[in-house]
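Peer 1: The numbering of the sequence shown is my numbering, which starts it at 10 and goes up by one.
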Amino acid sequence: MIEPQEAWRRIAEQVTALEPVEMKLAELEGHVLAEEVVAEEDVPPFPASRVDGWAVLAEDDSTPRRVLPGAGTAGRVPVAQVSPGTAARVMTGAPLPAGADAVVMVEDSAEQEGWVRFSRPARPGDGVRPAGSDLAAGQVVLAAGTPLGPAEIGLLAAVGRTTVRVHPRPRVAIFSTGDELVEPGERPGPGQIRDSNRYALAAAVRRAGGEPLLLGIAPDDRAGQRALILHALEQADVLVTSGGVSMGSRDLIGPLLAELGTVHFDRVRQKPGKPFTFATVQAGFCFGLPGNPVSSLVAFELYVRPALRRMAGHRLLWRPEIEVCLRHPVTPDPVRVTFQRAVVEREGERQWVRTTGSQASSRLLSMAGADALLRLPAGPTLTAGTTVTAILINQPEDH
Ligand code: AMP
Ligand code: MG
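Structural data, given as structure tokens:
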């Protein structure tokens with residue numbers, strides 16, 4: 010049995026970012042950039058009007074000014090030539106007409122029969138968006154390693170990149186093991202239960218930025234599970250299984266992974282999630298999670314999610330952690346680090362926390378609605394008011 014830190018160390022030793030691929034703009038959301046992107050041209054490429062108004066020469070103080078024919082609109086090269094005593098009508102985004110160096114807002118003007126007066130003087134540059142003022146040619150727009158959200162994707166489009174190199178989403182095959190399992194739509198017979206893990210884990214994979222591939226339920230049968238592991242790794246970068254990793258006579262995943270590849274650990278000194286196998290089989294990473302629904306989700310959160318993020322090229326792997334004050338006593342395991350599901354409550358400066366009721370590892374309700382995992386060192390009961398560490402499992406990773 011190894012400590013949680015050692016478990017992550019062994020995972021991190023194996024798992025690296027997936028080979029970058031060229032991807033189209035419309036598919037980029039949520040991916041991590043694998044190249045540096047530089048602006049090749051100025052944005053905007055020409056001085057443009059920032060407002061609807063009148064292009065003028067700022068130092069010209071004649072009034073009224075003669076309105077030049079036509080109007081400069083966005084997307085049209087202006088024909089007007091502004092000279093002292095004149096003004097050219099321009100719209101937001103239109104190129105600044107030759108001779109002009111400022112734009113007076115239409116709100117600050119009064120036009121009558123071909124002449125316009127201004128209620129305030131213009132200074133050079135007023136109302137003008139200079140060439141290169143948003144992005145200058147040669148400027149680094151986005152660094153490699155940047156996660157791509159709406160603004161970043163907009164920037165790529167603005168500099169004319171229709172494809173960029175990004176790390177792909179890890180493909181994650183998922184199957185549940187257990188003779189007792191039936192599909193959620195079925196009525197369980199004697200001794201049977203519904204498979205909840207496969208759907209919970211698929212959602213967790215998607216949230217972690219992976220692409221889940223659901224492979225069904227595998228009965229506790231050696232040949233069948235062996236074939237399914239190999240089938241899974243033909244199509245996926247990662248295999249996540251639930252159940253079949255503890256000491257029971259029908260727990261076959263551990264021995265099968267050992268036969269097919271290398272097991273890096275199979276027990277972690279923590280609660281829940283003690284039976285938990287990590288193996289590599291060919292180029293694939295296999296996480297054999299425990300069958301109890303809470304155990305599998307907690308182990309996923311603590312180990313599989315950061316591993317998937319690392320494969321997807323993310324540099325921030327860990328959720329924020331804060332110090333919180335216990336509302337009530339809690340009892341950790343005497344010899345294992347314990348992760349209890351909890352809700353954080355802010356009260357003035359202090360953050361309080363209460364757990365989500367019975368912490369049985371079969372009780373999914375203890376995870377539903379929880380926004381934190383309390384990391385409790387092994388030991389005796391902690392009294393109300395004790396400060397403990399909360400991992401904020403609904404907040405984006407910050408380190
Ligand atoms: P195992 O790790 O296979 O020994 O399973 C531990 C416990 O979790 C048993 O009570 C199983 O019935 C239950 N369990 C295993 N797999 C699932 C699943 N996919 N969905 C819900 N419960 C499960
Ligand atoms: Mg089982």
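Even for Gly, the Cβ is constructed at its ideal location relative to N, Cα and C.
Going by C-alpha distance, which of L164, Q14, V339 and P93 is nearest A48?
Peer 2: Residue mapping note: residue 48 aligns to position 39 of the sequence shown, counting from 1. The shortest C-alpha separation from A48 is found at L164.
Peer 1: Residue ranges of each alpha helix (DSSP H) run of no fewer than 4 residues wholly in the segment 185–246, ordered along the chain?
Peer 2: Entirely contained in the segment 185–246, the alpha helix (DSSP H) runs reaching 4 residues are, in chain order, 206–216 and 231–244.
Peer 1: State yes or no: is the C-beta of T250 nearer than 8 Å to some heavy atom of the ligand MG?
Peer 2: Here residue 250 is taken as the residue at index 241 of the sequence shown, counted from 1. No - the ligand MG has no heavy atom lying nearer than 8 Å to the Cβ of T250.
Peer 1: Measuring CB atoms only, is the segment 242–254 touching the segment 176–184, in the sense that at least three cross pairs come out at less than 8 Å?
Peer 2: The answer is yes - the segment 176–184 touches the segment 242–254, with three or more Cβ pairs under 8 Å.
Peer 1: List the endpoints of the continuous alpha helix (DSSP H) containing V307.
Peer 2: The count along the sequence shown starts at 1 and reaches residue 307 at position 298. Element bounds for V307: P302 to A308.
Peer 1: Starting from the N-terminal side, write out each stretch of the beta strand (DSSP E) that is 3 residues or longer and does not extend beyond the segment 115–157.
Peer 2: Counting whole runs of 3 or more residues, the segment 115–157 contains the beta strand (DSSP E) stretches 118–121, 124–127 and 149–151.
Peer 1: Quickly, what does DSSP pair P104 with across the bridge? List them, please.
Peer 2: Here the question's residue 104 lines up with position 95 in the sequence shown. For P104, which the question treats as bridged, DSSP gives the partners A57.
Peer 1: Which residue from S371, S370, A379 and R363 puts its Cα closest to that of T409?
Peer 2: With the chain covering 10 to 408 only, the question about residue 409 has no answer from this structure.
Peer 1: Tell me the DSSP bridge mates of I11?
Peer 2: Counting from one through the sequence shown, the residue named residue 11 turns up at place 2. DSSP output for I11 lists V277 as bridge partner(s).
Peer 1: What does DSSP give as the partner residue(s) for S371 in the beta ladder?
Peer 2: Taking the first residue of the sequence shown as position 1, residue 371 is located at position 362. In DSSP, S371 forms no bridge with anything.
Peer 1: With which residues is T390 paired in a DSSP beta bridge?
Peer 2: Start at 1 with the first residue of the sequence shown, and residue 390 comes out as number 381. Answer by DSSP bridge pairing: none, since T390 is not bridged.
Peer 1: Select from P139, R372, E332 and R318 the residue whose C-alpha is nearest the C-alpha of V411.
Peer 2: This structure leaves residue 411 out entirely; the chain is present only between 10 and 408.
Peer 1: Going by beta-carbon coordinates alone, are V290 and I238 separated by less than 9 Å?
Peer 2: If you number the sequence shown from 1, residue 290 lands on position 281. If you number the sequence shown from 1, residue 238 lands on position 229. Result yes, Cβ atoms of V290 and I238 sit closer than 9 Å.
Peer 1: Are the Cβ atoms of L190 and D204 separated by less than 9 Å?
Peer 2: On the sequence shown, position 181 is the one that residue 190 refers to. On the sequence shown, position 195 is the one that residue 204 refers to. Against a cut-off of 9 Å, the Cβ pair of D204 and L190 comes out as a contact.
Peer 1: Taking 8 Å as the cut-off, is the C-beta of P284 nearer than that to any heavy atom in the ligand AMP?
Peer 2: What you label residue 284 is simply residue 275 of the sequence shown in a count that begins at 1. For the ligand AMP, at least one heavy atom lies less than 8 Å from the Cβ of P284.
Peer 1: Thinking just about the alpha-carbon of each residue, which of T347, A369, G366 and V303 is nearest to the one in A387?
Peer 2: Taking the sequence shown and counting its residues from 1, one reaches residue 387 at position 378. Checked all of T347, A369, G366 and V303; the closest Cα to A387 is T347.
Peer 1: By a C-beta neighbour count over all protein chains shown, 10 Å radius and 16 as the cutoff for buried, is S370 buried or exposed?
Peer 2: As a working mapping, residue 370 is identified with position 361 in the sequence shown. Per the 10 Å Cβ criterion, buried.
Peer 1: Which complete alpha helix (DSSP H) runs does the segment 304–349 hold, if anything under 4 residues is left out?
Peer 2: If we require 4 residues or more, the alpha helix (DSSP H) runs fully inside the segment 304–349 come out as 314–320.
Peer 1: For V88 versus G79, is the C-beta spacing smaller than 9 Å?
Peer 2: For this step, residue 88 is matched to residue 79 along the sequence shown. For this step, residue 79 is matched to residue 70 along the sequence shown. Yes. Within cutoff.
Peer 1: So what does DSSP say about E22, is it helix, strand or coil?
Peer 2: Along the sequence shown, one-based indexing puts residue 22 at 13. Reduced to three states, the DSSP call for E22 is helix.
Peer 1: By the 10 Å Cβ neighbour count, where 16 or more other Cβ atoms means buried, how is V113 classified, buried or exposed?
Peer 2: As a first step, residue 113 must be located in the sequence shown, where it is residue number 104. Result: buried.
Peer 1: Excluding the 5 residues preceding and the 5 following Q4 in the sequence, name in chain order all residues of the same chain whose CB lies nearer than 6 Å to its CB.
Peer 2: The structure shown has nothing for residue 4, since the chain only spans 10 to 408.
Peer 1: Using DSSP's beta-bridge definition, name the partner residues of T95.
Peer 2: In the sequence shown, the residue the question calls residue 95 occupies position 86. In the DSSP output, where bridge partners are listed per residue, T95 has R75.
Peer 1: Count the other CB atoms within 10 Å of the CB of M256; is the residue buried (16 or more) or exposed (fewer)?
Peer 2: For the purposes of this step, residue 256 is identified with residue 247 of the sequence shown, where counting begins at 1. Burial call: exposed.
Peer 1: Among residues of its own chain, excluding the 5 on either side of F55, which ones have a beta-carbon nearer than 7 Å to its beta-carbon?
Peer 2: Position 46 of the sequence shown, counted from the start, is the residue given in the question as residue 55. Excluding residues within five positions, the ones whose Cβ falls inside 7 Å are P104 and A140.
Peer 1: Decide if P302 is buried, meaning its Cβ has at least 16 other Cβ atoms within 10 Å, or exposed.
Peer 2: Residue mapping note: residue 302 aligns to position 293 of the sequence shown, counting from 1. The residue in question, P302, is buried, as its Cβ has 16 or more Cβ neighbours within 10 Å.
Peer 1: Just to confirm, does R409 get its C-beta within under 8 Å of one of the non-hydrogen atoms of the ligand AMP?
Peer 2: Outside the shown range of the chain (10 to 408) lies residue 409, about which nothing can therefore be said.
Peer 1: Is any heavy atom in the ligand MG found nearer than 8 Å to the beta carbon of R174?
Peer 2: Taking the first residue of the sequence shown as 1, we reach residue 174 at position 165. No; taking the cut-off as 8 Å, the Cβ of R174 has no heavy atom of the ligand MG nearer than that.
Peer 1: In the DSSP assignment, what are the bridge partners of F287?
Peer 2: The residue you call residue 287 lines up with position 278 of the sequence shown. F287 pairs with F274 and F296.
Peer 1: As a quick exercise: from G357, R328 and P389, pick the residue whose alpha carbon is nearest that of T340.
Peer 2: By 1-based counting over the sequence shown, the position of residue 340 is 331. Cα-wise, what sits closest to T340 is P389.
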